[in-house]
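This note's numbering applies: residue 2 is where the sequence shown begins, and numbers increase by one.
Idealized CB from N, CA, C, for every residue including glycine.
This structure is a prediction, so every number in the text was calculated from the model and none was measured.
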Amino acid sequence: VLLDLYLDSSGSMTNPQRGSAAIVAGTILSLSVLRGGGRVRVTSWSSAGQVAGDSAYTRDRVEIMRQLTTYFGGGTTFPLDLLRARYPENQPPAEGQRHLVVLSDAGLDTFLGRGQEEYADVAPAVRRVIDTGSLMIIGHWRGQSREQAERLGYDVAEIPDVMQAPAACAALAARIAVYTPEGATRG
Numbered sequence: 002v003l004l005d006l007y008l009d010s011s012g013s014m015t016n017p018q019r020g021s022a023a024i025v026a027g028t029i030l031s032l033s034v035l036r037g038g039g040r041v042r043v044t045s046w047s048s049a050g051q052v053a054g055d056s057a058y059t060r061d062r063v064e065i066m067r068q069l070t071t072y073f074g075g076g077t078t079f080p081l082d083l084l085r086a087r088y089p090e091n092q093p094p095a096e097g098q099r100h101l102v103v104l105s106d107a108g109l110d111t112f113l114g115r116g117q118e119e120y121a122d123v124a125p126a127v128r129r130v131i132d133t134g135s136l137m138i139i140g141h142w143r144g145q146s147r148e149q150a151e152r153l154g155y156d157v158a159e160i161p162d163v164m165q166a167p168a169a170c171a172a173l174a175a176r177i178a179v180y181t182p183e184g185a186t187r188g
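Quick look at the structure:
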């Protein structure tokens, strides 16, 4: 399993120094994948240009925690340019099952291209080349953006309160652990 975890570290998310349930949730997902023999890549993101993360998947727990606890506290612009570069459409699938997880709040609209329309095609293209895509929203995400994400094949989970994020991620980790590509469809 290759877990590609994108963690929102904008100002609307809790700073890790004050105890962030989102960090705990990301840790649960990461450690679950490592326990199953997989590898993890963590990307922390905030405003345009505020992105941190390694390009390689790793099993190094210290590196994973360093990335999980990176906090910018700026605005919110999902790094669609980076996502496009990491998932070129003409590249054969990487070894292993690829699972993309985005943990954010209402800023997730930018994942679908809001405010960066030149990248509006990235989320649909990426969904076609990964095994599963999960968007975990802290708060509520209603309307056309949620419907659009679901039409593209992304699983959308609303977490009404940030303190419920760890339990939601534990459930997602359990689903990833039992995922089998036989009979599964992409996109």
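In this structure, how does DSSP classify Gly188 when only helix, strand and coil are distinguished? Mapped onto the sequence shown, residue 188 falls at position 187. With a pLDDT of 36 at Gly188, under the threshold of 50, the modelled position of that residue is not reliable, and the figure given next carries that caveat. Secondary structure at Gly188: coil, using DSSP grouped into helix, strand and coil.
Environment of Asp162 [buried if 16+ CB atoms lie within 10 Å]: On the sequence shown, residue 162 is found 161 positions in, with the first residue counted as 1. Residue environment analysis places Asp162 among the exposed positions, since fewer than 16 neighbouring C-beta atoms fall within 10 angstroms of its C-beta.
Compute the Euclidean distance between the alpha carbons of Ile131 and Gly20, then round it to the nearest angstrom. Numbered from its first residue, the sequence shown carries residue 131 at position 130. Numbered from its first residue, the sequence shown carries residue 20 at position 19. Each residue's Cα considered, the two are about 32 Å apart.
Sorted by chain position, which residues of the same chain lie with C-beta nearer than 7 Å to Thr71's C-beta, five sequence neighbours on each side aside? Your numbering for residue 71 matches position 70 in the sequence shown. The answer, listed in chain order, is Ser10, Ser45, Ala53.
Can you tell me whether Tyr7 is helix, strand or coil according to DSSP? In the sequence shown, counting from the first residue as 1, residue 7 sits at position 6. Strand at Tyr7.
Check for me: the beta strand (DSSP E) holding Ser45 runs from which residue to which? In the sequence shown, residue 45 corresponds to position 44, counting from 1. That run of the beta strand (DSSP E) goes 40 to 46.
Output yes or no for whether 7 Å exceeds the beta carbon distance between Leu81 and Tyr120. For this step, residue 81 is matched to residue 80 along the sequence shown. For this step, residue 120 is matched to residue 119 along the sequence shown. Yes.
Since Gly54 is in the beta strand (DSSP E), which residue starts that stretch and which ends it? To locate residue 54, count along the sequence shown from 1; it is residue 53. Taken as a continuous stretch (DSSP letters only), the beta strand (DSSP E) holding Gly54 covers 52 to 54.
Between Gln145, Gly140, Arg128, Ile29, which has its C-alpha nearest Ala158's C-alpha? Residue mapping note: residue 158 aligns to position 157 of the sequence shown, counting from 1. When each option's Cα is compared against that of Ala158, the closest is Gly140.
On the CB-based measure, 16 or more other CB atoms within 10 Å of its CB, does Gly184 come out buried or exposed? Looking up residue 184 in the sequence shown gives position 183. No answer about Gly184 holds up, because its pLDDT of 45 lies below 50 and its placement is not dependable.
Taking Met66 as part of the alpha helix (DSSP H), name the residues at either end of that continuous run. What you label residue 66 is simply residue 65 of the sequence shown in a count that begins at 1. Run containing Met66: 62 to 69, per the alpha helix (DSSP H) assignment.
By Cβ distance, which residues of its chain are closer than 8 Å to Arg187, with the 5 residues on each side in sequence left out? Numbered from 1 along the sequence shown, position 186 holds the residue referred to as residue 187. Note that Arg187 has pLDDT 38, beneath the 50 cutoff, so the model's placement of it is unreliable and no number is given.
Tell me where the beta strand (DSSP E) around Ala22 begins and ends. For the purposes of this step, residue 22 is taken as residue 21 along the sequence shown, with counting starting at 1. From DSSP, Ala22 is part of no beta strand (DSSP E) but of the alpha helix (DSSP H) over 22 to 36.
Quick check on Asp5: buried or exposed, where buried means 16 or more other Cβ atoms within 10 Å of its Cβ? Within the sequence shown, numbered from 1, the residue matching residue 5 stands at position 4. Counting every other CB atom within 10 Å of its CB across the protein chains shown gives Asp5 a total of 16 or more, marking it as buried.
For the beta strand (DSSP E) that Ile189 lies in, which residues bound it at each end? No statement about residue 189 is possible, as the shown extent of the chain runs from 2 to 188 and does not include it.
May I ask you to list the residues that DSSP assigns as paired with Val102? Taking the sequence shown and counting its residues from 1, one reaches residue 102 at position 101. Note: Val102 sits in a beta bridge opposite Leu6, Ser135.
Taking the alpha carbon of Ala169 as the reference point, which residue from Ser135, Arg152, Val179, Gln149 has its own alpha carbon closest? Taking the sequence shown and counting its residues from 1, one reaches residue 169 at position 168. Closest option to Ala169, judged by alpha-carbon separation, among Ser135, Arg152, Val179, Gln149: Ser135.
Within the same chain, show all residues whose beta-carbon is closer than 7 Å to that of Ser146, passing over the 5 residues directly before and after it, in chain order. Numbered from 1 along the sequence shown, position 145 holds the residue referred to as residue 146. Cβ-Cβ distances below 7 Å link Ser146 to Asp110, Leu113 in the same chain, with the five nearest sequence neighbours on each side left out; the list follows chain order.
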